[in-house]
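**Q** Those sequence lines, one after another, are chains A and B.
The numbering used here applies: residue 1 is where the first sequence begins, and numbers increase by one.
The numbering used here applies: residue 1001 is where the second sequence begins, and numbers increase by one.
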Amino acid sequence: MTCRLTIFVDTMNEYTKVKPLIYAALFAALTAIGAFIKIPLPISPVPLTLQVFFVLLAGLVLGARLGGTSMVVYVVLGIIGLPVFSGGSSGLGVLLGPTGGYLIGFVAAAFVTGLIYNKAANSKPSAIGAMIAGLFVIYLFGVVQLSFIANMSIQQAVAVGMVPFLIGDAIKIIAVLIVADRIRPFLTIS
Amino acid sequence: MIGIYGHGRSYMHLLDPRTKLVLMAGMSLLIYSARPPALAILLGLVLIVSRTSGMTVNRLVQGVRPVLIFFGVIFLTHLLFTPGDPLFVWLPVPTLAGFVTGGVLVLRFMLLILYTSIMIYTTSPSGLNYALACFLRPFGSFGSDLAFMTGTAMTLLPGLFREKDTITKAQAARGYKPRGLKGFTALVVPLLHRSFQRVDELSDALESRCFHSKRRYYYYRRSLAMRDYVAVGVYLVLAVVILFFL
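As structure tokens, this is what we get:
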């Protein structure tokens, strides 16, 4: 009888753990298909891809730890060979190559976004601030690895790996704000 | 979504995923630290290994194509901004030094992608997932949790793709154009809604079957075979030759 009781108590403690794991997996999968959803924009020649959108959304919706974990899962999906990195590339080589810093930045950005957003009150300005901080983290990692591995100066790396994407990122922040508001009622996690 | 993995029974296919992961990490060290003449050896080796594991040239090119534009930009930056002797006498910018540094760098990046695509071609995603979980074992339950999440994400992906196509068509039938912010929210909000429902069902199903995260997810074991040690040995010889004699 006692034995059965302890098992029951034990599984009750573990019960809470499965759902967050699966939500992290879901956001990893969403980020992966984000590389394939292309939205043509009337104002910019480069179509918007959505990885960064889901990175920021994961940070806002899942919080720091879980959001960061979901991005780790996304990077692992790419490493084990699913074509989920931008343009359909994959593998350890991408992570170690010139553009790998952005992928590491995704993990850090989801974490930072969740961290800043949770601490402040749930208001629009704090969400915008958190996402801008997240974007800054993505470019910090991305540009540093680019300049280090591709042997460029920091100015060159910023010109190649940051400036062309800034307009798209501003639009993505607005999109995250709209979408996060509308999906919050559906979310039953935690 | 087309995976890159191709089934086969070549030497590379039969190697343990863990060995291949370690070899890949080792090769990337070599690729970054090798002097330019040694890169020719690495390039020759990649062609031989891909040939013997049954990869066509098409497959190799497929792996490189997505990153080609960015590599081109890196090459151009070096070509145009490296000081030195000009390539053409009447123009100051494309310099010989820039051409060489840019070319060598892009060759290194290409090699990295080529070796990666051999690894991915010869190893199933679940095999690599298992190998990664093995290496993360020192981090406690995080390794098995990560393997579980990766496996779950892999099973969710095809359904999400189908869902995305269905919603795109449904919204187009309602007159939404897939352009701009409005078209975007019309696609993403239903996609998220549906996927949350699906994921809630999945986690309820798992929880009601007493699934919990401290359980072992992998009930099979693989042990290293002779060919794994041979492959690591060959790599070590190659590394010594490239690092000290070239």
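C-beta atoms are modelled at their ideal positions from N, C-alpha and C, and glycine is treated no differently.
Given the structure is predicted, the values throughout are model-derived calculations rather than measurements.
Kindly identify the DSSP beta-bridge partner or partners of S89(A).
**A** Residue 89(A) sits at position 89 when you count from the first residue of the first sequence. According to DSSP, S89(A) bridges with F85(A).
**Q** Identify, in the order they occur along the chain, each residue of the same chain with its Cβ nearer than 7 Å to the Cβ of T1101(B), setting aside the five sequence neighbours on each side.
**A** Position 101 of the second sequence, counting from 1, holds the residue named residue 1101(B). Closer than 7 Å at Cβ, skipping near neighbours: H1078 and T1082.
**Q** Below 8 Å on the Cβ atoms is my contact criterion, and I expect L1030(B) with L1047(B) to pass it. Report the Cβ-Cβ distance as a whole number of Å.
**A** For the purposes of this step, residue 1030(B) is taken as the residue at position 30 of the second sequence. For the purposes of this step, residue 1047(B) is taken as the residue at position 47 of the second sequence. The pair is not a contact, with the Cβ atoms about 16 Å apart (cut-off 8 Å).
**Q** Quick one: list the residues of chain B neighbouring A175(A), beta-carbon separation under 9 Å, in chain order.
**A** Position 175 of the first sequence, counted from the first residue, corresponds to residue 175(A). Simply L1181, F1184, T1185 and V1188.
**Q** Can R1227(B) and L1014(B) be called in contact, C-beta distance under 8 Å?
**A** To locate residue 1227(B), count along the second sequence from 1; it is residue 227. To locate residue 1014(B), count along the second sequence from 1; it is residue 14. Contact flag set, yes.
**Q** Whole angstroms is fine: what's the gap from I1120(B)'s alpha carbon to P125(A)'s?
**A** Reading the second sequence from its first residue, position 120 is the one you call residue 1120(B). Reading the first sequence from its first residue, position 125 is the one you call residue 125(A). About 43 Å.
**Q** Going by DSSP, what residue range makes up the alpha helix (DSSP H) through C1134(B)?
**A** The sequence position of residue 1134(B) within the second sequence is 134, counting from 1. Counting along the chain, the alpha helix (DSSP H) containing C1134(B) begins and ends at P1125 to F1135.
**Q** Do you know how far the Cα of T1185(B) is from the Cα of I1069(B)?
**A** Here residue 1069(B) is taken as the residue at index 69 of the second sequence, counted from 1. Here residue 1185(B) is taken as the residue at index 185 of the second sequence, counted from 1. The straight-line gap from Cα to Cα measures roughly 29 Å.
**Q** Name the DSSP bridge partner or partners of T1095(B)?
**A** Against the second sequence, residue 1095(B) aligns to sequence position 95. Its beta-bridge partners are P1086(B).
**Q** Excluding the 5 residues preceding and the 5 following K1020(B) in the sequence, name in chain order all residues of the same chain whose CB lies nearer than 6 Å to its CB.
**A** As a first step, residue 1020(B) is located in the second sequence; it is residue number 20 there, counting from the start. M1119 and T1123, listed in sequence order.
**Q** With 8 Å as the threshold, decide whether the Cβ of S1033(B) is near any Cβ in chain A.
**A** Residue 1033(B) sits at position 33 when you count from the first residue of the second sequence. Not one chain A Cβ lies under 8 Å of S1033(B).
**Q** Nearest-angstrom Cα distance between A1038(B) and G1143(B)?
**A** Taking the first residue of the second sequence as 1, we reach residue 1038(B) at position 38. Taking the first residue of the second sequence as 1, we reach residue 1143(B) at position 143. Approximately 37 Å, taken between the alpha carbons.
**Q** Under a CB-based cut-off of 8 Å, is D1200(B) close to chain A?
**A** Position 200 of the second sequence holds residue 1200(B). It does: the Cβ of D1200(B) has a partner Cβ on chain A nearer than 8 Å.
**Q** How about G93(A) and Y1032(B): are their beta carbons less than 8 Å apart?
**A** Position 93 of the first sequence, counting from 1, holds the residue named residue 93(A). Position 32 of the second sequence, counting from 1, holds the residue named residue 1032(B). Not in contact: G93(A) and Y1032(B) (Cβ atoms no closer than 8 Å).
**Q** Is I33(A) closer than 8 Å to F1088(B) when the C-beta atoms are compared?
**A** Here residue 1088(B) refers to the residue found at position 88 when the second sequence is read from its first residue. Here residue 33(A) refers to the residue found at position 33 when the first sequence is read from its first residue. No; because the gap between Cβ atoms is not below 8 Å, this pair is not in contact.
**Q** Let's test the definition: count the other Cβ atoms within 10 Å of the Cβ of N1058(B) and tell me whether it reaches 16, buried, or not, exposed.
**A** Here residue 1058(B) corresponds to residue number 58 of the second sequence, with the count starting at 1. Exposed, because fewer than 16 other Cβ atoms sit within 10 Å of the Cβ of N1058(B).
**Q** Give the C-beta separation of V1189(B) and V179(A) to the nearest angstrom, bearing in mind that I take them to be a contact with Cβ-Cβ under 8 Å.
**A** Taking the second sequence and counting its residues from 1, one reaches residue 1189(B) at position 189. Taking the first sequence and counting its residues from 1, one reaches residue 179(A) at position 179. Between V179(A) and V1189(B) the Cβ distance is about 6 Å, and since that is below 8 Å, they are a contact.
**Q** Rounded to the nearest angstrom, what separates A29(A) and L1246(B) at their Cα positions?
**A** Residue 29(A) sits at position 29 when you count from the first residue of the first sequence. Residue 1246(B) sits at position 246 when you count from the first residue of the second sequence. Going from the Cα of A29(A) to the Cα of L1246(B) covers about 44 Å.
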